[in-house]
Amino acid sequence: MASSLTWLDYSERDRRDAMAVIDLFRETGTVDELGLSRVQFSIANLFFPGTTTIQTRACYFLLVPWMFRELEHRKISSDQFANRARQTELAINRHLRSGEDTSGVFGIRAGDALKRPPSDVYWDGLESWGIRYFQGFMGAYFRSLDDFYGRVARHKILPADPEHFGAPPTNWHPHLPEPPQGFPRNGFTVALRPEDARYLREQIMAHHPDSLLAVMAGRANAADLNADRPWDLAGSSGVSAELQEQLADAERFAICMQGAALLYNLMLAELREREDWIAGYRDDLGNWAERFELLDPGLAYWRPDRIWSLTQESGGRVGYPTRSFVERWVSMLKNAGPAMLADDDSEARALVRSREIHLKRSRARLTNPRRLELWSGESGTWLMDFRWGSAKRLLADIFDGMARSGEDAGDA
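Count along the sequence shown starting at 1, add 9, and that's the number in this note's numbering.
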């Protein structure tokens, strides 16, 4: 039976958090066996606000608001808006799929059967980057439109006196670039025009000036995109001392906790008695141990409570069981070193076993032979990148658009 997330009463933040977890699981190799996904996306929100793991191209940060604004101008009623938006969005994606560059275009495989359209994937990011002014989820936006049209009409008949009546009502940033001629039928591609790229860059820098995303957008150096992990950028000009410390904390957390994931997979391989898998994971643990030993000397004085401060800063909530698991794991690594993972009766193995049982109860692979039998041989051994891979895709589009105008975008 497929798992699901169900709730009756929830806040907009709860909805965003739940969707972020779902998005994370859609990434290949990111199955979260040890319950660390909420920590990862909380830190990712701090470094790369407005992004998700399934955002593919920066153009959708403009195509989506252009589409909704176009339908608003045509005064599509609330009860018809969702259907008209769906049809328009499918047409936009069909046009993009017919272009030369189809990388990252939605619906390449599913076509018009696409279940989660770009408008849903980018909805929260549009608010985060200051492009969407409407506060709330998309269904509430649809329901609000009849009233919105009324407010716009009433504003138009007011005397032209900005000191008393202010700007007209709007759901979208008033300086959103105008769409290309022919939109939404034709005249556009996934490539950003220079004015589009400048606009997105300015929105990121204005709304999240202290984030790594804003620093990279401001630098506009295509060479930055060659970095494998976000902490590789810590020495770049423009990265503040505070951000450098946050990146160091993220690196320590990611490398420490990858060891737990690798040990978990080794334990499963041993239970399956697959010598090839066992040898592979022992090699992986050996390579991981070398990376662990290369962590800066500050690890000896580092405490995971710095990670909890980061998650709190981005509005994330991490439960006590997760905090306890991480703190005990890091403490063992610091006290005994990575070599202790090789011991068959190590405290580390007991901790990993206890963690899986706590999370999955009777469905834990380490105690349920049937679940163990269904294991494919690899689960969540990835090294966290805190959404850097997704951010790189978006920044690459922005840098390419800027380069078309002759502005500095490195070698884009």
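Note that the Cβ used here is the ideal one computed from N, Cα and C, for glycine as well. Treat the numbers as computed from the prediction; the structure is a model and nothing was measured.
Checklist entry - When the Cα atoms are used, what is the spatial distance from L80 to A149? => result Reading the sequence shown from its first residue, position 71 is the one you call residue 80. Reading the sequence shown from its first residue, position 140 is the one you call residue 149. Rounded to whole angstroms, L80 to A149 spans 16 Å at the Cα level.
Next on the checklist: Along the chain, where does the alpha helix (DSSP H) containing F143 start, and where does it finish?
Outcome noted: Residue numbering aside, residue 143 sits at position 134 when the sequence shown is read from its first letter. Looking at the DSSP string, F143 is not in any alpha helix (DSSP H), and its letter there is neither H nor E.
Checklist entry - Roughly how many whole angstroms lie between the Cα atoms of E187 and E251? => result Here residue 187 refers to the residue found at position 178 of the sequence shown. Here residue 251 refers to the residue found at position 242 of the sequence shown. If you take the alpha carbons of E187 and E251, they lie about 37 Å apart.
Item to check | Bridge-paired residues (DSSP) for W338 | outcome: The count along the sequence shown starts at 1 and reaches residue 338 at position 329. In the DSSP output, where bridge partners are listed per residue, W338 has none listed.
Item to check | Pairwise C-alpha distance: W397 and L102 | outcome: Translated into positions along the sequence shown, residue 102 becomes position 93. Translated into positions along the sequence shown, residue 397 becomes position 388. The residue asked about is misnamed: residue 102 is Asn in this sequence, not Leu. Roughly 25 Å separates the two Cα atoms.
Item to check | Cβ-based burial, L383 [other Cβ within 10 Å; buried from 16] | outcome: Against the sequence shown, residue 383 aligns to sequence position 374. Its Cβ having fewer than 16 others within 10 Å, L383 is exposed.
Checklist entry - If you draw a straight line from the C-alpha of T97 to the C-alpha of L105, how long is it? => result Stepping through the sequence shown from its first residue, residue 97 is reached at position 88. Stepping through the sequence shown from its first residue, residue 105 is reached at position 96. Roughly 12 Å between the two C-alpha positions.
Next on the checklist: Does T111 pass the burial test, meaning 16 or more other C-beta atoms within 10 Å, or should it be called exposed?
Outcome noted: The residue labelled residue 111 in the question sits at position 102 within the sequence shown. T111 is exposed by the Cβ-count criterion.
Checklist entry - Does the segment 377-391 come close enough to the segment 219-237 to have 3 or more Cβ pairs within less than 8 Å? => result no
Item to check | Terminal residues of the alpha helix (DSSP H) in which K369 lies | outcome: Along the sequence shown, read from residue 1 onward, the residue named residue 369 stands at position 360. Unbroken alpha helix (DSSP H) run through K369: E356 to K369.
Checklist entry - Excluding five sequence neighbours on each side, which residues of the same chain lie with their C-beta closer than 6 Å to the C-beta of R141? => result Position 132 of the sequence shown, counting from 1, holds the residue named residue 141. If we look at R141 and ignore the five residues flanking it on each side, its Cβ neighbours are L135.
Next on the checklist: Count Cβ pairs between the segment 194-208 and the segment 64-71 that sit closer than 8 Å; are there 3 or more?
Outcome noted: yes
Checklist entry - Does DSSP put W138 in a helix, in a strand, or in coil? => result Locating residue 138 in the sequence shown gives position 129, counting from the first residue. If DSSP states are grouped into helix, strand and coil, W138 belongs with coil.
Checklist entry - Taking Cβ positions, are E284 and P313 nearer each other than 7 Å? => result The count along the sequence shown starts at 1 and reaches residue 284 at position 275. The count along the sequence shown starts at 1 and reaches residue 313 at position 304. No, these two residues do not count as a Cβ contact at 7 Å.
Item to check | At least 3 beta-carbon pairs within less than 8 Å: the segment 304-313 vs the segment 336-353 | outcome: yes
Checklist entry - For R213, is the classification buried or exposed, using 16 other Cβ atoms within 10 angstroms of its Cβ as the cut-off for buried? => result Residue 213 sits at position 204 when you count from the first residue of the sequence shown. Here residue 213 turns out to be Ile, not Arg, going by the sequence shown. Its Cβ being crowded by 16 or more others within 10 Å, I213 is buried.
Checklist entry - When you compare each of A176, L185 and G268 to V73 by their alpha carbons, which one comes out closest? => result As a working mapping, residue 73 is identified with position 64 in the sequence shown. With distances taken between Cα atoms, V73 lies closest to L185.
Next on the checklist: I believe L123 touches G116 by the beta-carbon criterion, under 8 Å. Please report the beta-carbon distance rounded to the nearest angstrom.
Outcome noted: As a working note, residue 123 is residue 114 in the sequence shown. As a working note, residue 116 is residue 107 in the sequence shown. Yes, they are in contact, since the Cβ atoms of L123 and G116 sit about 4 Å apart, within 8 Å.
Checklist entry - With a CB to CB cut of under 8 Å and the five nearest residues on each side skipped, what residues in its chain are close to M76? => result Residue mapping note: residue 76 aligns to position 67 of the sequence shown, counting from 1. A94, T97, E98, I101, S128 and P193.
Next on the checklist: Given this structure, state the Cα-to-Cα distance separating R281 from L381, to the nearest angstrom.
Outcome noted: Within the sequence shown, numbered from 1, the residue matching residue 281 stands at position 272. Within the sequence shown, numbered from 1, the residue matching residue 381 stands at position 372. Each residue's alpha carbon lies about 7 Å from the other.
Next on the checklist: Just to confirm my understanding: we take P330, look at its own chain, exclude 5 residues before and 5 after, and list those with CB closer than 7 Å. What are they?
Outcome noted: The residue given as residue 330 occupies position 321 in the sequence shown. So the qualifying residues of the chain are H367.
Next on the checklist: Using CA atoms only, rank isn't needed, just tell me which of D41, L43 and R47 is closest to G324.
Outcome noted: Locating residue 324 in the sequence shown gives position 315, where the first residue counts as 1. The shortest C-alpha separation from G324 is found at R47.
Checklist entry - In terms of residues, what are the limits of the alpha helix (DSSP H) holding N54? => result Position 45 of the sequence shown, counting from 1, holds the residue named residue 54. Element bounds for N54: S46 to F56.
Next on the checklist: For L303, count the other beta carbons within 10 Å of its own beta carbon; 16 or more makes it buried, fewer makes it exposed. Which is it?
Outcome noted: Here residue 303 corresponds to residue number 294 of the sequence shown, with the count starting at 1. L303 is exposed by the Cβ-count criterion.
Checklist entry - Residue range of the alpha helix (DSSP H) that P378 falls in? => result On the sequence shown, residue 378 is found 369 positions in, with the first residue counted as 1. Per DSSP, P378 belongs to the alpha helix (DSSP H) from P378 to E382.
Item to check | Which listed residue (A200, S333, T198 and G247) has its alpha carbon closest to that of L222 | outcome: As a position in the sequence shown, residue 222 is number 213, starting the count at 1. The candidate whose alpha carbon is nearest that of L222 is G247.
Checklist entry - Can you list, in chain order, the stretches of the alpha helix (DSSP H) that have 4 or more residues and sit fully within the segment 78-160? => result 87-106 and 127-137
Checklist entry - Could you give the distance in angstroms between the alpha-carbon of P378 and the alpha-carbon of Q49? => result Working through the sequence shown from its first residue, we reach residue 378 at position 369. Working through the sequence shown from its first residue, we reach residue 49 at position 40. Roughly 30 Å between the two C-alpha positions.
Next on the checklist: Counting C-beta neighbours from all protein chains within 10 Å, is the total for N92 16 or more, i.e. buried, or is it exposed?
Outcome noted: Mapped onto the sequence shown, residue 92 falls at position 83. N92 comes out exposed.
Item to check | alpha helix (DSSP H) segment containing H216, residue limits | outcome: Residue numbering aside, residue 216 sits at position 207 when the sequence shown is read from its first letter. Looking at the DSSP string, the run of the alpha helix (DSSP H) that includes H216 is P203 to H216.
Item to check | Per-residue burial, E109 [other beta carbons within 10 Å of its own, 16 or more giving buried] | outcome: Numbered from its first residue, the sequence shown carries residue 109 at position 100. With fewer than 16 Cβ atoms within 10 Å of its Cβ, E109 is classed as exposed.
Next on the checklist: Output needed for S414: all residues of its chain with C-beta closer than 7 Å, excluding positions within five of it in sequence on either side, in chain order.
Outcome noted: Numbered from its first residue, the sequence shown carries residue 414 at position 405. For S414, where only same-chain residues beyond five positions count, the Cβ hits under 7 Å are P203.
Checklist entry - Going by beta carbon distance, what residues of the same chain come within less than 7 Å of E36, once the five residues before and after it are set aside? => result Taking the first residue of the sequence shown as position 1, residue 36 is located at position 27. At E36, the pLDDT of 46 sits below 50, so the modelled position is not reliable; the number obtained from the coordinates is stated separately. Correct list, in chain order: T62.
Checklist entry - Ends of the alpha helix (DSSP H) at S399? => result Within the sequence shown, numbered from 1, the residue matching residue 399 stands at position 390. Segment W397 to R413, the alpha helix (DSSP H) holding S399.
Item to check | D292 versus K401: straight-line alpha-carbon distance, rounded | outcome: The residue you call residue 292 lines up with position 283 of the sequence shown. The residue you call residue 401 lines up with position 392 of the sequence shown. In a straight line, the C-alpha of D292 is about 30 Å away from that of K401.
Item to check | For R238, the nearest candidate out of P218, Q144 and A263 (CA to CA) | outcome: Here residue 238 corresponds to residue number 229 of the sequence shown, with the count starting at 1. Per the Cα distances, A263.
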